[in-house]
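Q:
Residue numbers (our numbering): 407 to 527.
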């Protein structure tokens, strides 16, 4: 299995804000990677509901961090069969306080892409 992560933090920040954001990204990264429990499983339609339920738990775990943010979490699970896929997300946000984190995971039979947005309230 292979992980690929992308991080899109907000705008310009001072040193203390940047350190706080880095710590937050580490927390988000750990939560997201913990909940993607597909592992070495073969892509099976009957297991997708369980995998997406696990991904839904990311929202409750993010809420428990106690940050003043609203969260949006998206997930795409796709069987590898030679077809391509492109995804895009868009959001109005405050570039000094908001950000997003995307994890793309894959094995021999499937792709899983999870995106998490944190938007200041």
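Don't be surprised by glycine CBs; every beta carbon is placed ideally from N, CA and C.
Would you tell me roughly how many angstroms separate the C-alpha atoms of residue 450 and residue 471, rounded to the nearest one?
A: Walking along the chain shown from the start, residue 450 turns up at place 44. Walking along the chain shown from the start, residue 471 turns up at place 65. Roughly 33 Å separates the two Cα atoms.
Q: Mapping DSSP to helix, strand and coil, what is residue 463?
A: For the purposes of this step, residue 463 is taken as the residue at position 57 of the chain shown. Here residue 463 sits in helix by DSSP.
Q: My assumption, with CB atoms under 8 Å, is that residue 508 sits in contact with residue 483. Please give the rounded CB distance.
A: Looking up residue 508 in the chain shown gives position 102. Looking up residue 483 in the chain shown gives position 77. Their Cβ separation, rounded to whole angstroms, is 14 Å, which puts residue 508 and residue 483 out of contact at 8 Å.
Q: Can you grab the Cα-Cα spacing for the pair residue 474 / residue 447, in whole Å?
A: Position 68 of the chain shown holds residue 474. Position 41 of the chain shown holds residue 447. Each residue's alpha carbon lies about 36 Å from the other.
Q: When DSSP labels each residue in this structure, what does residue 515 get in the three-state scheme?
A: Counting from one through the chain shown, the residue named residue 515 turns up at place 109. If DSSP states are grouped into helix, strand and coil, residue 515 belongs with coil.
Q: Using beta-carbon positions only, say whether residue 464 and residue 437 come within less than 8 Å of one another.
A: Residue mapping note: residue 464 aligns to position 58 of the chain shown, counting from 1. Residue mapping note: residue 437 aligns to position 31 of the chain shown, counting from 1. Yes. Within cutoff.
Q: What number of angstroms, rounded off, separates the C-alpha of residue 481 from the C-alpha of residue 519?
A: As a position in the chain shown, residue 481 is number 75, starting the count at 1. As a position in the chain shown, residue 519 is number 113, starting the count at 1. The alpha-carbon atoms of residue 481 and residue 519 are separated by roughly 6 Å.
Q: Take the Cβ of residue 514 as the centre, count every other Cβ of all protein chains shown within 10 Å, and call the residue buried at 16 or more, exposed below.
A: Taking the chain shown and counting its residues from 1, one reaches residue 514 at position 108. With a threshold of 16 other beta carbon atoms within 10 Å, residue 514 falls short and is exposed.
Q: Could you tell me whether the Cβ atoms of residue 522 and residue 501 are closer together than 8 Å?
A: For this step, residue 522 is matched to residue 116 along the chain shown. For this step, residue 501 is matched to residue 95 along the chain shown. For residue 522 and residue 501, no; Cβs fall outside 8 Å.
Q: Would you report the Cα separation of residue 526 and residue 499, rounded to the nearest angstrom?
A: Residue mapping note: residue 526 aligns to position 120 of the chain shown, counting from 1. Residue mapping note: residue 499 aligns to position 93 of the chain shown, counting from 1. Spanning the two alpha carbons is a distance of roughly 8 Å.
Q: Measuring CA to CA, which of 485, 476, 490, 486 is closest to residue 497?
A: Counting from one through the chain shown, the residue named residue 497 turns up at place 91. Measuring from the Cα of residue 497, the nearest candidate turns out to be 476.
Q: Using a threshold of 8 Å, state whether the C-beta atoms of residue 442 and residue 516 are closer than that.
A: Residue 442 sits at position 36 when you count from the first residue of the chain shown. Residue 516 sits at position 110 when you count from the first residue of the chain shown. For residue 442 and residue 516, no; Cβs fall outside 8 Å.
Q: Counting C-beta neighbours from all protein chains within 10 Å, is the total for residue 524 16 or more, i.e. buried, or is it exposed?
A: Mapped onto the chain shown, residue 524 falls at position 118. Classification of residue 524: buried, given that the 10 Å Cβ count is 16 or more.
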